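Asker:
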Amino acid sequence: MTAFLDLPTLWAFIIAFAVFAYVVMDGFDLGIGILFPFFEPGPERDSAMNSVAPVWDGNETWLVLGGGGLMAAFPLAYAIILPALYAPIIAMVLALIFRGVAFEFRWRDPGHRRYWDFAFTTGSIVATLAQGITLGALLQGIAVEGRAYAGGWWDWLTPFSLLVGFSLVIGYALLGATWLVMKTEGVVQDHSYRLAGKLALGMIACIGVVSAATPFLSAAYYERWFDWPQVLFTAQVPLLVALCSGALLVGLARRWEYWPFLLTLALFGLCLLGLGISMFPHVVPSAVTVHEAAAPHASLLFMLVGASVLLPIILTYTGYSYWVFRGKTGPEGYH
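Take the numbering used here: the final residue in the sequence shown is number 1769, and no numbers are missing along the way.
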């Protein structure tokens, strides 16, 4: 039976799911860090941080699964991508550590809280920017010779990768603002509505610019998006983006509490779908496919057995934690 399973493709979807789960669950708390300077010190910032305090640690589980899954399931791709993107990946890891320390110490060292708040914001911005630059650098292509990275130290730093990095900062900030709309009330919620309205316009513009630039990075990208008859399918993605964008703006104007966050997640999901259309079946664009980079069949099958047990457990306890802390939050915690 396992002979009929396309395990490399299945693992590609598992890793894509882990990446999306990371964006869903860690994007909004990184976004809150990005927005932190826009809230007044004291009750406003405390309310914002309390809204993610019970769940933020577990959110990064998915980043570990995505990175670890890439190394285990596609070792050749891992060996090519990591040397190409060492700088932004190391910056991301250090920023996440710095941010995590600041998250804890702002409560335990109130005498220096403004410095921890600065560290929290800086770590959030740098981590998000590094993630976006990593994605942009991967999408624009990595120089490969034989089975190894053949580019230079600074190949990742281009106008396109910086554009994607900036766009992700705007996107995560919108996730953070819409999360606070859903989880807070009073002054913090009003402030979040105002921020979300501006950020929604910014994110829609960023999606448009990145989407317009991507097909021209590679002839293969252009063909996947515009060749007949597959254009009949790919054209549905920008159409859905336009519909979700319009619904998001309407929801914020009418002060809906839950739909703005869900519609922002839908926009991120459509962006991930667009990324898949551009790249699949390559894991290193235009160089290495998922089948060429995959680990041996027996290894993929062994890991699949473990993932089939662990993923439901992770999803269950994550869902339970969000259910327990489903209410509104204030400066003193949930109520």
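In this text, a Cβ means the ideal position worked out from N, Cα and C, and glycines have one as well.
Only a predicted model underlies this, so the values are computations on that prediction, with no experimental measurement involved.
1. Only counting the same chain, and skipping five residues up and downstream in sequence, which positions put a Cβ closer than 6 angstroms to that of Ala1446?
2. My parser needs the alpha helix (DSSP H) runs of 4 or more residues fully inside the stretch 1491-1551; what are they?
3. Measure the C-alpha to C-alpha separation of Val1615 and Arg1540 and round it to an integer number of angstroms.
4. Using only the alpha-carbon positions, how far apart do Trp1550 and Phe1537 sit?
5. Residue range of the beta strand (DSSP E) that Val1717 falls in?
6. If the criterion is Cβ atoms closer than 7 angstroms, does the pair Ala1571 and Ser1595 meet it?
7. Quick check: what's the CA-CA separation for Ile1449 versus Gly1545?
8. Check for me: the alpha helix (DSSP H) holding Phe1660 runs from which residue to which?
9. Using a 10 Å radius around the Cβ and a threshold of 16 neighbouring Cβ atoms, would you call His1731 buried or exposed?
10. By Cβ distance below 8 angstroms, which residues in the same chain neighbour Ile1604 in space, the five residues on each side in sequence not counted?
11. With DSSP collapsed to three states, give me the class of Ala1584.
12. DSSP state of Val1739, grouped into three classes?
13. What separation, rounded to the nearest whole angstrom, lies between the Cα atoms of Arg1658 and Ile1711?
14. If we ignore side chains and look at the alpha-carbon of each, how far apart do Leu1408 and Val1739 end up?
15. With a Cβ-Cβ cutoff of 7 angstroms, do Leu1686 and Pro1694 count as a contact?
16. Here's the rule I'm using: 16 or more other beta-carbon atoms within 10 Å means buried, otherwise exposed. How should Thr1763 be labelled?
17. Give the straight-line distance between the Cα atoms of Leu1651 and Tyr1583, rounded to the nearest whole angstrom.
18. Note down, one range per segment and in chain order, each beta strand (DSSP E) of at least 3 residues found wholly within the stretch 1628-1700.
19. Would you decide whether Leu1749 is buried or exposed? Buried here means 16 or more other CB atoms lie within 10 Å of its CB.
Answerer: Per the coordinate set shown:
1. If you number the sequence shown from 1, residue 1446 lands on position 12. Excluding positions up to five away in sequence, the list reads Val1724.
2. 1495-1507, 1509-1518, 1520-1542
3. Start at 1 with the first residue of the sequence shown, and residue 1615 comes out as number 181. Start at 1 with the first residue of the sequence shown, and residue 1540 comes out as number 106. Looking at the two C-alpha atoms, the distance is approximately 23 angstroms.
4. Translated into the one-based positions of the sequence shown, residue 1550 becomes position 116. Translated into the one-based positions of the sequence shown, residue 1537 becomes position 103. Cα atoms of Trp1550 and Phe1537: separation of roughly 7 angstroms, rounded to the nearest angstrom.
5. Taking the first residue of the sequence shown as 1, we reach residue 1717 at position 283. Here the beta strand (DSSP E) through Val1717 covers 1716-1718.
6. For the purposes of this step, residue 1571 is taken as the residue at position 137 of the sequence shown. For the purposes of this step, residue 1595 is taken as the residue at position 161 of the sequence shown. In this structure, Ser1595 lies closer than 7 angstroms to Ala1571 by Cβ.
7. The count along the sequence shown starts at 1 and reaches residue 1449 at position 15. The count along the sequence shown starts at 1 and reaches residue 1545 at position 111. So the two alpha carbons sit approximately 42 angstroms from each other.
8. Within the sequence shown, residue 1660 is the residue found at index 226, counting from 1. Per DSSP, Phe1660 belongs to the alpha helix (DSSP H) from 1653-1660.
9. Sequence index remark: in the sequence shown, residue 1731 carries index 297 (1-based). The residue in question, His1731, is exposed, as its Cβ has fewer than 16 Cβ neighbours within 10 Å.
10. On the sequence shown, residue 1604 is found 170 positions in, with the first residue counted as 1. Cβ neighbours of Ile1604 beyond the five flanking positions: Leu1633, Gly1636, Met1637, Cys1640.
11. What you label residue 1584 is simply residue 150 of the sequence shown in a count that begins at 1. Ala1584: coil per DSSP, three-state reduction.
12. Residue numbering aside, residue 1739 sits at position 305 when the sequence shown is read from its first letter. Of the three classes helix, strand and coil, the one that applies to Val1739 here is helix, per DSSP.
13. Translated into positions along the sequence shown, residue 1658 becomes position 224. Translated into positions along the sequence shown, residue 1711 becomes position 277. The straight-line gap from Cα to Cα measures roughly 7 angstroms.
14. It is not possible to answer for residue 1408, since the shown part of the chain is limited to 1435 through 1769.
15. Position 252 of the sequence shown holds residue 1686. Position 260 of the sequence shown holds residue 1694. Yes, Cβ-Cβ distance for Leu1686 and Pro1694 is below 7 angstroms.
16. Counting from one through the sequence shown, the residue named residue 1763 turns up at place 329. By the neighbour-count rule (16 or more Cβ atoms within 10 Å), Thr1763 is buried.
17. Start at 1 with the first residue of the sequence shown, and residue 1651 comes out as number 217. Start at 1 with the first residue of the sequence shown, and residue 1583 comes out as number 149. Roughly 19 angstroms between the two C-alpha positions.
18. none
19. Taking the sequence shown and counting its residues from 1, one reaches residue 1749 at position 315. So Leu1749 counts as exposed.
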